[in-house]
Amino acid sequence: MILGIGTDLVEISRIRKVGLDRLSKRILSEKEQKDRPNMEGRLAEWLAGRFAAKEAVAKAVGTGIGAMIGFQDILVHKDAKGKPCVAISPAVYQRLGWDEHVEIHLSVTHTKDYAIAFAVVESR
Numbered sequence: 015m016i017l018g019i020g021t022d023l024v025e026i027s028r029i030r031k032v033g034l035d036r037l038s039k040r041i042l043s044e045k046e047q048k049d050r051p052n053m054e055g056r057l058a059e060w061l062a063g064r065f066a067a068k069e070a071v072a073k074a075v076g077t078g079i080g081a082m083i084g085f086q087d088i089l090v091h092k093d094a095k096g097k098p099c100v101a102i103s104p105a106v107y108q109r110l111g112w113d114e115h116v117e118i119h120l121s122v123t124h125t126k127d128y129a130i131a132f133a134v135v136e137s138r
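Below, the structure written as structure tokens:
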């Protein structure tokens with residue numbers, strides 16, 4: 015059963031204006047910061063994708079970014095095939111009353127100007 019859907023669109027130029035290091039520290043978990051690619055010229059696109067993904071997940075959860083779920087609670091990573099995946103902190107699962115049957119699906123894409131993400135929360 016679908017519990018929620020969320021989408022987010024980010025202008026990559028706005029990400030550059032905020033500052034890549036500053037935004038990285040604000041939205042990325044420690045693990046994501048360690049795994050952050052060294053992508054000269056493409057880091058803003060990657061970071062915009064991560065920002066859009068986390069916003070889309072928070073919207074799909076139904077709370078948005080705030081007291082129930084923060085940027086640091088959402089870990090975006092790739093599986094062995096390169097597909098974007100999401101891990102949510104156990105504390106969020108507890109706050110939301112979720113069990114291990116809740117799964118989040120994520121799609122992220124970008125152009126040179128925009129990044130967009132779409133998330134679906136499903137109970138299996």
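The sequence shown begins at 15 in my numbering and counts up one residue at a time. Note that CB positions come from ideal geometry on N, CA and C, so glycine has one too.
Residue of the options minimising C-alpha distance to residue i
{"i": "R36", "options": "V71, G20 and L57", "result": "L57"}
{"i": "A129", "options": "M15, D22, G18 and G55", "result": "D22"}
{"i": "H91", "options": "G76, V134 and R64", "result": "R64"}
{"i": "V24", "options": "K73, A66 and T125", "result": "A66"}
{"i": "T77", "options": "E136, G20, M15 and H115", "result": "G20"}
{"i": "A133", "options": "T125, C99, M15 and V106", "result": "C99"}
{"i": "S103", "options": "E114, M15, I29 and D93", "result": "E114"}
{"i": "S121", "options": "K68, A94 and D127", "result": "K68"}
Span of the alpha helix (DSSP H), counted from its first residue to its last, around residue i
{"i": "F65", "result": "L57 to V75"}
{"i": "A105", "result": "P104 to L110"}
{"i": "S38", "result": "L34 to I41"}
{"i": "D113", "result": "Taken as a continuous stretch (DSSP letters only), D113 belongs to no alpha helix (DSSP H), as it is neither H nor E."}
Sub-9 Å separation of residue i and residue j beta-carbons
{"i": "I88", "j": "R109", "result": "no"}
{"i": "Q86", "j": "I118", "result": "no"}
{"i": "V135", "j": "L34", "result": "no"}
Bridge partners - residue i, DSSP secondary structure assignment
{"i": "G20", "result": "A133"}
{"i": "P98", "result": "K92"}
Residue i, enclosing beta strand (DSSP E) - first and last residue
{"i": "E117", "result": "V116 to H124"}
Beta-carbon separation (whole angstroms), residue i vs residue j, contact threshold 8 Å
{"i": "S38", "j": "R50", "result": "6 Å"}
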